[in-house]
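A.B. asks: Residue numbers (my numbering), protein chains in the order written: chain X, 6 to 259; chain C, 15 to 255. For glycine and all other residues, C-beta sits at the position ideal for the given N, C-alpha and C. Pasting a structure below so you can have a look.
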């Protein structure tokens, strides 16, 4: 029992050490702009195209459900235009970034971990190194930068979609007028609502892609290893995303 | 010149190289033979710094590989072509891009890159395969593209990791001829890791047998063929006991 705890502790410390080295190598690759620059644009396109449909799909239905739940909760006690407030605030501060982030952890994180894991076990990463490329600047930096910059864009579109579907649901299903919905939407709006959600989603994008790269490039053992890495990337990203979500709420919303 | 100097390497306590020492002279092709899992590929990966030795070092033209800074290591890698056991082609890229990738790192113009790619593909008899993707190629073709990718860089050293493993005898012979032709054409220093004795006799100037982490015997092809060492004899004759 004690031996097992000891072994796990040592393994955890080693993993932290490896992660530290990874981040150090990543920082060292930053000046290699001629390599990661063009690749980042390609990755941004890929992250955007891959993620947008699923993020918008989730946001669209979330907006409708939020409007209906708000109306159900408020009936008879709170003026119905508060539906606009709840839809807007919730989409901007929490559900937009978090739901899109979780969906993207599954979509983008899994895809990146599987791709890099396959490259690792088939020696493509070694081949890259022998061609005098640094895998950090060729593989990791473009993905992390793409995730960090594109996630806020995707989340912004998701928020807009969620609010729009919430508004449509309010018009069609709750007999709320556009003026009333907008009144509610503007009521407690602060600019912080916007930047908080977008900033948070940038940190989610950074975390999801970094975790996918670390796990993917650490893959060992053929197809089974790739499968394991893919699952690990999704689980670790989702857990870290929720921890980060709580962290930013604690730091920035108090 | 490449010098393996008392290289030690273990993975999770399992000793693979245990004082591996071997000199590779300029413009010769040396073949490292040995049983599967004895560390031949591990030795080769130390030359380009893909693995770090636990003790000892590999010296390439006076540079101790394990002590090189990142920039110096990348510069060293520009002088070395590495042919991987399963070719390790980038499966998301066409044959042309697989070959051009390393050349783009050398600040060549697009015309020069295209010319070098054509030249390398012609050398491996794959002219016209530029637009194909690795998934569309046979095993032998993939190996040849892997060799073309390495020679397109015009390296001083070429390292081959099991270049004929998994190929039928005719395709293996084609690869052997290709390695000989490459040496004659480019005058490079070569290190070939294999357990295919026919290949070793065809391409090697000298042969070294790696056994229990050390060089058991090293000599010319004739010396190895005439060896009285029972371990080497058993291996080259392929006798079970």
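How is residue 19/C classed by DSSP in three states: helix, strand or coil?
C.D. replies: Note: residue 19/C maps to strand in three-state DSSP.
A.B. asks: Cβ closer than 7 Å: which chain X residues qualify as neighbours of residue 115/C?
C.D. replies: Those within 7 Å of residue 115/C in chain X are 136.
A.B. asks: Applying a beta-carbon distance threshold of less than 9 Å, which residues of chain C neighbour residue 185/X?
C.D. replies: Here the premise fails: no neighbours, minimum Cβ distance about 52 Å.
A.B. asks: Can you tell me where the beta strand (DSSP E) with residue 71/C in it begins and where it stops?
C.D. replies: Its beta strand (DSSP E) spans residues 69 to 74.
A.B. asks: Contact between the segment 107 to 124 of chain X and the segment 69 to 79 of chain C: three or more CB pairs below 8 Å?
C.D. replies: Contact between the segment 107 to 124 of chain X and the segment 69 to 79 of chain C is absent, because fewer than three Cβ pairs lie under 8 Å.
A.B. asks: Assuming residue 186/C and residue 116/C are in contact, meaning their beta carbons sit under 8 Å apart, how far apart are those beta carbons, in whole angstroms?
C.D. replies: So it is not a contact: roughly 25 Å between Cβ atoms.
A.B. asks: Name, please, each residue of chain X whose Cβ falls closer than 7 Å to the Cβ of residue 205/C.
C.D. replies: Here the premise fails: no neighbours, minimum Cβ distance about 13 Å.
A.B. asks: Taking the beta strand (DSSP E) that residue 225/C falls in, what are its first and last residues?
C.D. replies: Here the beta strand (DSSP E) through residue 225/C covers 220 to 225.
A.B. asks: Among the residues of its own chain, which have a CB less than 6 Å from the CB of residue 41/X, if the five just before and after it don't count?
C.D. replies: Closer than 6 Å at the Cβ level, and outside the excluded window around residue 41/X, lie 142, 146 and 147.
A.B. asks: Evaluate the contact criterion for the segment 139 to 148 of chain C versus the segment 173 to 180 of chain C: three or more CB pairs, one atom per stretch, below 8 Å.
C.D. replies: Contact fails: fewer than three Cβ-Cβ distances are below 8 Å.
A.B. asks: So the candidates are 24/C, 201/C and 114/C; which of them puts its Cα closest to the Cα of residue 68/C?
C.D. replies: Ranking the options by Cα distance to residue 68/C, first place goes to 24/C.
A.B. asks: Consult DSSP for residue 156/X and reduce its assignment to one of helix, strand or coil.
C.D. replies: If DSSP states are grouped into helix, strand and coil, residue 156/X belongs with the helices.
A.B. asks: Using three-state DSSP, classify residue 77/C as helix, strand or coil.
C.D. replies: Residue 77/C falls in the strand class under three-state DSSP.
A.B. asks: Please state if the CB of residue 246/C and the CB of residue 230/C are separated by a distance shorter than 7 Å.
C.D. replies: Yes, these two residues count as a Cβ contact at 7 Å.
A.B. asks: How would you label residue 129/X, buried or exposed, when you count the other beta carbons within 10 angstroms and need 16 or more for buried?
C.D. replies: It is buried - the Cβ of residue 129/X has at least 16 other Cβ atoms within 10 Å.
A.B. asks: Would residue 37/X pass as an interface residue toward chain C - the criterion being a Cβ-Cβ separation below 7 Å?
C.D. replies: No, residue 37/X does not count as interfacial toward chain C.
A.B. asks: Run through DSSP, which three-state label would residue 147/C get?
C.D. replies: DSSP places residue 147/C in coil when its eight states are reduced to three.
A.B. asks: According to the Cβ coordinates, are residue 278/X and residue 163/X closer than 7 Å?
C.D. replies: For residue 278/X there is no data in the structure shown, the boundaries of chain X being 6 and 259.
A.B. asks: Quick one: is residue 189/X buried, meaning 16 or more other Cβ sit within 10 Å of its Cβ, or exposed?
C.D. replies: Residue 189/X should be labelled buried.
A.B. asks: For residue 256/C and chain X, any beta-carbon pair shorter than 7 Å?
C.D. replies: An answer regarding residue 256/C cannot be provided, because it is not within the stretch 15 to 255 covered by chain C.
A.B. asks: I'd like the span of the beta strand (DSSP E) that includes residue 34/C, first residue to last.
C.D. replies: Run containing residue 34/C: 28 to 38, per the beta strand (DSSP E) assignment.
A.B. asks: Please report the residue range of the beta strand (DSSP E) in which residue 231/C lies.
C.D. replies: It spans 228 to 234 - the beta strand (DSSP E) in which residue 231/C sits, taken as one unbroken run.
A.B. asks: Find the residues of chain X that neighbour residue 84/C, judging by a C-beta separation of less than 7 Å, and give them in chain order.
C.D. replies: What residue 84/C touches in chain X: 33.
A.B. asks: Tell me, which residues are paired with residue 151/X by DSSP?
C.D. replies: DSSP output for residue 151/X lists no bridge partner at all.
A.B. asks: So with CB distances below 8 Å, who are the chain X contacts of residue 62/C?
C.D. replies: By Cβ distance, chain X contributes 134 and 135.
A.B. asks: Quick one: Cα of residue 197/C to Cα of residue 249/X, how far?
C.D. replies: Each residue's Cα considered, the two are about 57 Å apart.
A.B. asks: Let me make sure I understand the geometry here. Which of 158/X, 159/X, 140/X and 136/X has the alpha-carbon closest to that of residue 160/C?
C.D. replies: Considering only alpha carbons, the answer is 136/X.
A.B. asks: Just to confirm, is the Cβ distance from residue 62/C to residue 34/C under 7 Å?
C.D. replies: Not a contact, by the Cβ cut-off of 7 Å.
A.B. asks: Tell me which same chain residues have a C-beta within less than 7 Å of the C-beta of residue 52/C, skipping the five on either side of it?
C.D. replies: 224 and 225, listed in sequence order.
A.B. asks: Could you tell me which chain X residues have their CB closer than 8 Å to the CB of residue 94/C, listed as they occur along the chain?
C.D. replies: Simply 135.
A.B. asks: Using a Cβ cut-off of 7 Å, pull out every chain X residue sitting near residue 102/C, in sequence order please.
C.D. replies: What residue 102/C touches in chain X: 127, 128, 129, 131 and 132.
A.B. asks: Would you please state the rounded distance, in angstroms, between the beta carbons of residue 170/C and residue 93/C? I believe it to be under 8 Å.
C.D. replies: 5 Å between Cβ atoms; contact.
A.B. asks: Going along chain X, which residues have a C-beta under 8 Å from residue 98/C?
C.D. replies: In chain order: 128, 131 and 132.
A.B. asks: How would you list, in chain order, the residues of chain X whose beta-carbon sits under 7 Å from the beta-carbon of residue 168/C?
C.D. replies: Within chain X, no residue comes near residue 168/C; the closest Cβ sits about 13 Å away, beyond 7 Å.
A.B. asks: What did DSSP end up calling residue 63/C once you bin it into helix, strand or coil?
C.D. replies: It is coil, neither helix nor strand.
A.B. asks: For residue 196/X, count neighbouring Cβ atoms within 10 angstroms of its own Cβ and tell me buried if that reaches 16, exposed if not.
C.D. replies: Burial call: exposed.
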